[in-house]
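Colleague: To convert, note that position 303 of the sequence shown is 291 in this note's numbering; the numbers rise steadily by one, no gaps.
Here a beta-carbon is modelled for each residue, glycine too, at the ideal position from N, C-alpha and C.
Let me begin by handing over the structure; questions about it come next.
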Amino acid sequence: MYLSFLKASNFRCFANIELEFDQKYNLIYGENGSGKTSVLEAISYLGRGRSFRTNNVSDIVKWKTDDLLVYGKIISANSESSLGIMNGKSGLESSVNGDHTKGIAGLAHSLPFQIIDPNTHNLIGGGPEARRQYLDWILFHVEPEYIDIWRKYKKTLKQRNVLLKSHKNKTEIQNWDQGLAHLGEKISLMRDEIFILLEPVLMEFANELLDTNISLHINRGWSRDLALLDSLSNNFNQDIQYKSTQLGPHRADIKVSLEMGAAKRHISRGQQKLLACALINASIELVQSYIDKPILLLLDDPKAELDNNSTIKLIKQVCSLNSQVVATSIEPDESLFGSGTKMFHVEQINKKIS
Ligand SMILES: Nc1ncnc2c1ncn2[C@@H]1O[C@H](COP(=O)(O)OP(=O)(O)OP(=O)(O)O)[C@@H](O)[C@H]1O
Ligand SMILES: [Mg+2]
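As structure tokens, then:
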């Protein structure tokens, strides 16, 4: 499976661009502000219904226009599918092969992708939410039940938190605990199971990029010694105090440690980026082995924060995944993926089509 064609209209700086991608390596180059990241953003918008740079639609709709449109064609071994997404004043609309009912999950299943960009180090150095989303992305693709359970959990959690905020009586709040705990335990079990498979791949990939051994630990968001239902009950007074549910898989985290201690605190930003790349590449490797189709990797300015040797190691690992890659760079740098790379000069695209 690969993204063969992309059309974006009124997206960021582009009035209209059309790109035909190679099924392996694509490099978008051009000077600062020419629109390289915007191309990757348009792809991510098509695959997830949201940008990786902003949650605000008005940021990505081209200035002085109303609606953006992104359209893509995906080619698989024996089929071709088309994806579309529109957003702006008229609201969000998506389609998978003309079917408007599949929503964002339909897009995400049709165009599975990961992204490595200059902010990727935050996966290690930033807060736990990005690490939970990382695990959730894997589970979304490998465990068909996961999204439904996760959505129900979020909904139940929201209801319980509304009651905690509105000072309802204890019984009324605790009426939600059984359901919440049941869903929470399921989420956590699935995360634990996938983590067992992910861990060895991740350790190998981290070792390749950083020449050091790492250890991983998943904190599930409440004590390993207690059932979630008991933890909720024991922690009730704190939940009342904070007006929100303090324990559960929505508070989970992955702790990544090196010999000297927690990666988050003890390594440089470049090393954090490398470690984060190992996490992302490991997730691609694992998901690809489950869904038996390549995952698209968007690689925005791969050299950012990395020395030459680290860049070479990263690209070597990326190439070993056998994924389709759409990368960006200031220069038309053939040394990254070799002479077979399909090159796109972003200024030229702009001039020719918009
Ligand atoms: N909503 C918008 N409408 C029109 N233009 C926009 C919009 N949002 C951003 N831009 C412009 O789009 C241009 C492209 O930005 P982008 O971040 O894609 O560039 P880039 O090539 O990745 O640059 P860099 O090399 O600095 O990373 C910028 O000049 C920016 O001002
Ligand atoms: Mg950029």
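For residue 122, list the residues DSSP reports as bridge partners.
Modeller: Looking at the DSSP assignment, residue 122 forms no beta bridge with any residue, so it has no partner.
Colleague: For residue 330, which residues in the same chain have their Cβ closer than 6 Å to its Cβ, ignoring the five residues on either side in sequence?
Modeller: 10 and 14
Colleague: In whole angstroms, what separates the C-alpha of residue 166 from that of residue 71?
Modeller: 40 Å
Colleague: Could you check what DSSP says for residue -9 in three-state terms: helix, strand or coil?
Modeller: strand
Colleague: Of all residues in the structure, which have a C-beta closer than 5 Å to any heavy atom of ligand 1, taken in chain order?
Modeller: 0, 1, 20, 21, 22, 23, 24, 25, 26, 50 and 51
Colleague: So does the stretch 26 to 37 actually touch the stretch 284 to 291, counting three or more Cβ pairs closer than 8 Å?
Modeller: yes
Colleague: Give a yes or no on contact between the stretch 289 to 308 and the stretch 135 to 151, applying the rule of three or more CB pairs nearer than 8 Å.
Modeller: no
Colleague: Could you tell me which residues DSSP puts in a beta bridge with residue 333?
Modeller: 17
Colleague: Give me the DSSP bridge partner(s) of residue 81.
Modeller: According to DSSP, residue 81 shares a beta bridge with 74.
Colleague: In three-state DSSP terms, what is residue 102?
Modeller: strand
Colleague: List the DSSP bridge partners of residue 316.
Modeller: 16
Colleague: Output the boundary residues of the alpha helix (DSSP H) element that contains residue 228.
Modeller: 224 to 230
Colleague: So is the beta-carbon of residue 289 under 7 Å away from any non-hydrogen atom of ligand 2?
Modeller: Yes, the beta carbon of residue 289 sits closer than 7 Å to at least one heavy atom of ligand 2.
Colleague: Whole angstroms are fine: how far does the CA of residue 277 sit from the CA of residue 83?
Modeller: 27 Å
Colleague: Between which two residues does the alpha helix (DSSP H) containing residue 60 stretch?
Modeller: First-last for residue 60: 55 to 63, but that is the beta strand (DSSP E), not the alpha helix (DSSP H).
Colleague: Under 8 Å between the Cβ atoms of residue 169 and residue 135?
Modeller: In this structure, residue 135 does not lie closer than 8 Å to residue 169 by Cβ.
Colleague: Taking the beta carbon of residue -1 as the centre, do at least 16 other beta carbons fall within 10 Å, making it buried, or is it exposed?
Modeller: When all chains shown are included, residue -1 counts as buried.
Colleague: Tell me whether the beta-carbon of residue 12 lies closer than 8 Å to the beta-carbon of residue 328.
Modeller: yes
Colleague: For residue 242, which beta-bridge partners are listed by DSSP?
Modeller: 206
Colleague: Hey, out of 302, 226, 179 and 4, whose CA is closest to residue 120's CA?
Modeller: Checking every option, the nearest Cα to that of residue 120 belongs to 179.
Colleague: What alpha helix (DSSP H) runs, 4 residues minimum, are completely inside the stretch 254 to 326?
Modeller: 257 to 279, 296 to 308 and 322 to 325
Colleague: Quick one, which of 124, 200 and 161 has its alpha-carbon nearest residue 181's?
Modeller: 124
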